[in-house]
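Take a look at the structure set out below.
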Amino acid sequence: MKRRRKNKRNRGLLLVAFFVVLATIFFTKIVGNSLLGDKDKPEALISSEQPSQEKTNGEKSEEVIQNQEMLILVNKQHAVDASYIPEDLAPIKYFASDRSAQSRFMRQEASEHFHQLVEGAKESGYELVMTTAYRSYEFQNTLYTNYVNKYGQAEADTFSAKPGQSEHQTGLAVDISTPTVQYRLTSELGETAEGQWMAEHAHEYGFILRYPKGKEDITGYQYEPWHLRYVGQPAADEIYEQGITLEEYLEE
Ligand SMILES: [Zn+2]
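The sequence shown begins at 29 in our numbering and counts up one residue at a time.
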């Protein structure tokens, strides 16, 4: 008899606890949200698949959020929305004049650092110019379709990104060439003094060599000594010093 009463009391206590939990969830979800509002949440940046964006929250400073934007990962597994256009595209001063004028832009912070990189190279006696930087989704679509028609899709996929999968759409990537390789995009660049200077010093300006030799299985692209990607500091130094890719850096 006594035991049954105890069981009944336990059940009663359980019910009370259950309602307390329900009430707490209701308060934090419904009432809490309406009090805080959505303005405290960071805006969705580019792709919902961005691992760096998952770490953002309303308490982080603008500087931290900006750094995370510079670390956006775009590759064959992580696409950018077709509609994405960076809001702060700024003109590039140093470019090969026979390439599309549409692409002579990078995001503000990246463009400033690119100019410093070119000026730094010049002090060492090397001339670097941009051939392509920002590419819109439509631009990449045309480019990729042309390559597929010319080389077939399997080969095109080793060196050209599908639209939405190109880093160039983020305004953080830049293809660079030099007079010594007749402003071409060729792996020969890596063997020239200019190419070696870039590989060694780009990180000092916040850039990384995005598609290094021997990392094709991780990046999904062949060796491209001409393609630099702005990631800012301290990421650029760490990636350079550890000899890793952006994919590996973001996994840590
Ligand atoms: Zn490129």
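Think of the CB as a built atom: it goes at the ideal place given N, C-alpha and C, for glycine as much as any other residue.
Under the three-state DSSP convention, the category residue i falls into
i, result
"residue 179", "helix"
"residue 188", "coil"
"residue 209", "helix"
"residue 273", "coil"
"residue 165", "helix"
"residue 268", "helix"
"residue 170", "helix"
"residue 12", "Residue 12 is absent from the model: the chain starts at 29 and stops at 280."
"residue 203", "strand"
"residue 106", "coil"
"residue 85", "Residue placement at residue 85 is flagged as unreliable, the pLDDT there being 48, under the threshold of 50; a coordinate-derived value is accordingly withheld."
"residue 237", "strand"
"residue 244", "helix"
"residue 252", "strand"
"residue 157", "strand"
"residue 118", "strand"
Cβ-Cβ distance between residue i and residue j below 9 Å
i, j, result
"residue 252", "residue 205", "no"
"residue 144", "residue 233", "yes"
"residue 247", "residue 217", "no"
"residue 259", "residue 98", "yes"
"residue 139", "residue 167", "no"
"residue 24", "residue 201", "The chain is shown from 29 up to 280; residue 24 falls before or after that span and cannot be answered."
"residue 180", "residue 107", "no"
Reference residue i, options the options, closest by Cα
i, options, result
"residue 207", "220, 200, 201", "220"
"residue 130", "165, 183, 187, 256", "165"
"residue 242", "255, 137, 272", "272"
"residue 151", "114, 229, 105", "229"
"residue 212", "267, 236, 124, 262", "124"
"residue 142", "120, 95, 89", "120"
"residue 254", "262, 276, 196, 278", "196"
"residue 261", "276, 95, 173", "95"
"residue 210", "90, 126, 104, 191", "126"
"residue 146", "104, 115, 231, 244", "231"
"residue 175", "116, 190, 279", "190"
"residue 116", "133, 106, 105", "133"
"residue 135", "199, 277, 153", "199"
"residue 163", "277, 180, 194", "194"
"residue 5", "177, 118, 264", "The requested residue 5 is not part of the displayed model; the chain covers only 29 to 280."
"residue 249", "90, 103, 179", "103"
"residue 225", "149, 113, 109", "149"
CB contact below 9 Å: residue i versus chain D
i, result
"residue 161", "Going by chain labels, chain D is absent from the structure shown, which holds only one protein chain."
Assigned exposure category for residue i - 16 Cβ within 10 Å defines buried
i, result
"residue 187", "exposed"
"residue 267", "buried"
"residue 203", "buried"
"residue 111", "exposed"
"residue 93", "buried"
"residue 160", "buried"
"residue 279", "exposed"
"residue 153", "exposed"
"residue 3", "With the chain covering 29 to 280 only, the question about residue 3 has no answer from this structure."
"residue 236", "buried"
"residue 113", "exposed"
Residues surrounding ligand 1 [beta-carbon distance to nearest heavy atom under 6 Å]: 196, 201, 203, 255
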